[in-house]
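Using UniProt numbering, the letters of the sequence shown correspond one by one to residues 1 to 268.
Data block below; observations after.
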Amino acid sequence: MIELKSPEEIGRMHTTGQFVGEVLDELTTVAAVGVNLLDLERHARRLIEERGAESCYWDYAPSFGRGPFRNVICLSVNDAVLHGLPHDYVLRDGDLLTMDMAVSIDGWVADSACSIIVGTPAEEDLHLIHATEVALEAAIEAAQPGNRLGDVSASIGEVATEFGYAVNLEFGGHGIGRTMHESPHVPNDGRRGRGLTLHPGLTIAIEPWLARTTNEIAFDPDGWTIRSADGSRTAHSEHTVAITEDGPLVLTRRPRQGEQHGESAATG
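Pasting the structure below:
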């Protein structure tokens, strides 16, 4: 069942979304050559605890994965793109790092992800990250009241094609609100004019992700970490978005996000 949220409820989700954006923003400044992924996990845990928020990942146990997820953030490096388990890995110069997190504050959830380059960026990695960001912004622009869900999905697929990347449809965006995953599913490609009509009050997480040279995936033995099947690098951008009478409202926009687009998607 799809629940449409009231303006007040969207406002409460926006509060959560602002916090998620602030955490990701801060982590982009912490992530640097020589930093261990476990230090990023601990940093995220501290910020969540200080805010009195709750991680939506802790104890998350979907049909895939081996046992409940026991971390508060997904950290995926290079050819890993989704559900990366924080582990004992020290970031190296040129690593492509994706950070994805969802939290709940006072019962309302927001979910967001971003990819950055640690240290010296390679042009092909910046191009890949930029493609996911452009696809995300195109999808947000398509999330107008009265449009169809297929318009959102098609916007992602069209940008991916324009940049020269193929799209995987096994994992995509989703409804969000009282829980992390609600209806509807938001594919990363589709047909315009098809699917669910977008009504004010609908809240969705839109999350284009791409691999450089494949649309096929492989799972690590941990059952969680998803990688490109051919080992090529990957990138992922995500925002929680509310459909309002005035158009789409991004609930997880990061304070410094304007500085991280395109050529400046690097840190360290």
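Backbone N, C-alpha and C fix where the C-beta goes; we use that ideal spot for every residue, glycine too.
CB contact flag (residue i, residue j, <8 Å)
i: I108; j: E9; result: The amino acid at residue 108 is misidentified as Ile; the sequence shows Trp. Yes, the pair counts as a contact, with Cβ atoms nearer than the cut-off.
i: L91; j: V23; result: no
i: R212; j: L128; result: yes
i: D125; j: L96; result: yes
i: G223; j: G65; result: yes
i: V159; j: D189; result: no
i: residue 284; j: P184; result: This structure gives no information on residue 284, because the portion of the chain shown stretches from 1 to 268.
Residue interval of the beta strand (DSSP E) (run including residue i)
i: P184; result: E182 to V186
i: V103; result: L96 to I105
i: H199; result: No beta strand (DSSP E) contains H199, which DSSP labels as neither H nor E.
i: I243; result: H239 to T244
i: G173; result: G173 to G175
i: T234; result: T234 to H236
i: D151; result: From DSSP, D151 is part of no beta strand (DSSP E) but of the alpha helix (DSSP H) over L149 to F163.
i: C74; result: C74 to V77
i: L82; result: A80 to L82
Paired residues, beta bridge with residue i - DSSP
i: residue 269; result: Summary: the structure shown does not reach residue 269, with the chain confined to residues 1 through 268, and so no result is reported for it.
i: residue 278; result: There is no way to answer for residue 278, as the model of the chain reaches only from 1 to 268.
i: residue 286; result: No information on residue 286 is available, as it lies outside the stretch 1 to 268 that the chain covers here.
i: A61; result: A61 pairs with nothing; no bridge assigned.
i: V109; result: S104
i: L210; result: A235
i: V90; result: N36
i: P54; result: The sequence shown places Glu at residue 54, not Pro. Answer is S104, bridged to E54.
Residue nearest to residue i in terms of C-alpha spacing, selected from the options
i: I73; options: P121, R46, A142 and P184; result: R46
i: D111; options: V20, R42 and V152; result: V20
i: P187; options: G157, N215, D230 and H43; result: G157
i: S155; options: F171, P62 and A131; result: A131
i: Y60; options: D25, A102 and A53; result: A102
i: S76; options: L37, H43 and I48; result: L37
i: V30; options: M99, E133 and C56; result: M99
i: E133; options: S228, I206 and L85; result: I206
i: N147; options: G67, W224 and D246; result: D246
i: C114; options: F69, L27 and L198; result: L27
i: R194; options: A229, L149 and I176; result: L149
i: G17; options: L4, S55 and E3; result: S55
i: N215; options: R192, H174, G223 and L169; result: L169
i: F69; options: S63, W58 and N78; result: W58
i: E141; options: W209, V241, R191 and H14; result: V241
First through last residue of the alpha helix (DSSP H) which encompasses residue i
i: D25; result: P7 to V30
i: L136; result: E123 to A142
i: G247; result: Here G247 belongs to no alpha helix (DSSP H); instead the beta strand (DSSP E) covers G247 to V250.
i: L40; result: L37 to R51
Contact belief for residue i with residue j at Cβ below 8 Å, rounded distance in angstroms
i: V118; j: V33; result: 6 Å
i: I243; j: L202; result: 4 Å
i: R252; j: H239; result: In the sequence under discussion, the amino acid at residue 252 is Thr, which differs from the Arg named in the question. The pair is a contact, with the Cβ atoms about 5 Å apart (cut-off 8 Å).
i: A139; j: V152; result: 5 Å
i: I217; j: A80; result: Actually they are not in contact, since the Cβ atoms of I217 and A80 sit about 10 Å apart, beyond 8 Å.
i: A53; j: S104; result: 7 Å
i: E41; j: N71; result: 6 Å
8 Å Cβ cutoff, residue i in contact with chain B
i: G157; result: Annotation note: the requested chain B is absent from the structure, which comprises a single protein chain.
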